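In what follows, a single structure is set out as C-alpha cells and then discussed.
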Amino acid sequence: MANLKLKDVAKTYGGTIDVLKNINLDIKQGELIVFVGPSGCGKSTLLRMIAGLEKITGGTLEIDGQLVNNVPPAQRGIAMVFQSYALYPHMTVRDNMSFALKIAKKSPEEIEKAVAKAAKILQLDDYLDRLPKALSGGQRQRVAIGRSIVRDPKVYLFDEPLSNLDAALRVATRIEIAQLKETMPDSTMIYVTHDQVEAMTLATRIVVLANKGIAQVGTPLELYERPNGEFVAQFIGSPAMNLLPGEVIATGPQTTVKMANGGVAVSDYPTLDSDMGRKVNVGVRPEDFLEVATGADFIFNGKVNITEALGEVTLLYFEKEPGASDAVIGKLPGIHSGLRGTEVKLGAVPAKVHIFADGESLLYR
Ligand SMILES: Nc1ncnc2c1ncn2[C@@H]1O[C@H](COP(=O)(O)OP(=O)(O)O)[C@@H](O)[C@H]1O
Ligand SMILES: [Mg+2]
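According to the numbering used here, the residues represented by the sequence shown are 2 to 366, in order.
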C-alpha cells in the first residue's frame, strides 16, 4: 500500500547509451498504472529500476516519501511478476508460494495463513498439491501472482505477464487481474504491456512511453479522446487513428480545414486567428467515420480497395493517395459487403475530428 514518486528519473547504460530521461510521475496508493509503448522504449527498464533490479542513473525514486534509490530490492516492499512464470518445477503450488516466506523465516502458521489467503483470492485452493507441469498456462501465471501476494508487498509490478498465453487465455487472465485488483483496492500496481487493449481495460491511468520519455499520462479515455499528439493518437486505438493533411481556412471556437484531397473537415478544436492558413493533420478514428451522401461535405473520399467483414463492423481500406503504403481505414457498423470497388465519401461529427500541427494536438498549447 504505497505512493511512489519518480523525479527526473533517468537511465543510461555504460555511461553513454541513454534509454530513459526526465521521467516524472506520481503514483497514488490504489492506482493500477499501465506503462505502454513500442518495443524497446524502456518499459522493462523503468519497472526494474522501481524494483531495484536496475540502478537508477539519474533522479530520485521515493516510496511513501522515503528515498529508495540505494535500497536493495528485498527491502523495498515490492513484488514483481514476469512474463516467464519462473516457477520451481519440482515444487508444488503450495511450496512455490511458500518459498519466499520460508527464506524470510516466517512461522509455519503465518505461511499457511498467507498461502491459504492467496490461494482463495486466486482460486487456486484445489491445486495446491499439484506440480507446475500439471497446470495450464493461466494457472501457472496465477501461481506466480500468488507468490507475490503472500509477501503482502506495498507495490506489485507486472512485466507483460500475459504475453506467453494464447489469445483466449489472455483475455480470461486479463479479467482475473482486473478482479484481483478489485479484491485488493488499496494495493498499488504497475503493469507493463505493449497490448493497448490490456492497457485500456486495466489501467486507472496509462503512461505512454516514447522517445526516451513520457509522451502522455492520463486515464484510458483521456488518451483515447484527447491525445496530446500524433504519436499517442495513433498508439491508442485499433486500427490506428487516420491522419490526413489539410490547411486551416476558418478559425474560432470551431475550426474548418480544407483537406488536401478536396474535402472539408469541421472540428470542435478551437483555433486562433494566427492559425489561419496553417498546415495541419486532421485525425479521425476509423470508428468515427460516417458514410455521407453524395453532394454532402466529406473529409475523405476514395475507392474502397478491400473490405473486411467482422460481423458487427466492416473495415473499409482505402489508398491514402496513389501508391501510398499506409491505408485510410473506416470502420462502419454492420455489414457492407457491396462497397468494395465503389467510391465512398466519409465524414465525421465535429466532436470527433482532431487537429494536429507539427505532430502536436492543438488542444494542448
Ligand atoms: N544491459 C543493457 N545494456 C545496454 N542497453 C540495454 C540494456 N538493457 C536494455 N537495454 C536497451 O534499453 C532499451 C530499453 O529496453 P527495455 O526496457 O527492455 O524495453 P521494453 O521493455 O520497452 O521493450 C532497449 O533499447 C535495450 O536495447
Ligand atoms: Mg520489456
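Backbone N, C-alpha and C define an ideal beta-carbon position, used for all residues, glycine too. In this text, all values refer to a predicted model and were calculated from it rather than measured experimentally.
How about residue i and residue j: do their beta carbons lie closer than 8 Å?
i, j, result
"residue 179", "residue 210", "no"
"residue 130", "residue 95", "yes"
"residue 190", "residue 221", "no"
"residue 10", "residue 59", "yes"
"residue 340", "residue 305", "yes"
"residue 37", "residue 194", "yes"
"residue 186", "residue 82", "no"
Within 7 Å: the Cβ of residue i and any heavy atom of ligand 1?
i, result
"residue 46", "yes"
"residue 18", "yes"
"residue 192", "no"
"residue 1", "Because the chain here runs from 2 to 366, residue 1 falls outside it and cannot be looked at."
"residue 53", "no"
"residue 41", "yes"
"residue 59", "no"
"residue 38", "yes"
"residue 14", "yes"
I want to check one thing, is the minimum distance from the CB of residue i to the heavy atoms of ligand 2 below 7 Å?
i, result
"residue 161", "yes"
Assuming residue i contacts residue j under a Cβ cut-off of 8 Å, what Cβ separation, rounded to an integer in Å, is found between them?
i, j, result
"residue 234", "residue 290", "The Cβ separation is near 15 Å, so there is no contact."
"residue 46", "residue 21", "6 Å"
From the DSSP output, in three-state form, read off residue i for me.
i, result
"residue 286", "coil"
"residue 125", "coil"
"residue 190", "strand"
"residue 221", "helix"
"residue 83", "coil"
"residue 152", "coil"
"residue 24", "strand"
Using a 10 Å radius around the Cβ and a threshold of 16 neighbouring Cβ atoms, would you call residue i buried or exposed?
i, result
"residue 109", "exposed"
"residue 198", "exposed"
"residue 344", "exposed"
"residue 355", "buried"
"residue 334", "exposed"
"residue 310", "exposed"
"residue 1", "In the structure displayed, the chain extends from 2 to 366; residue 1 sits before or after that span and is not available."
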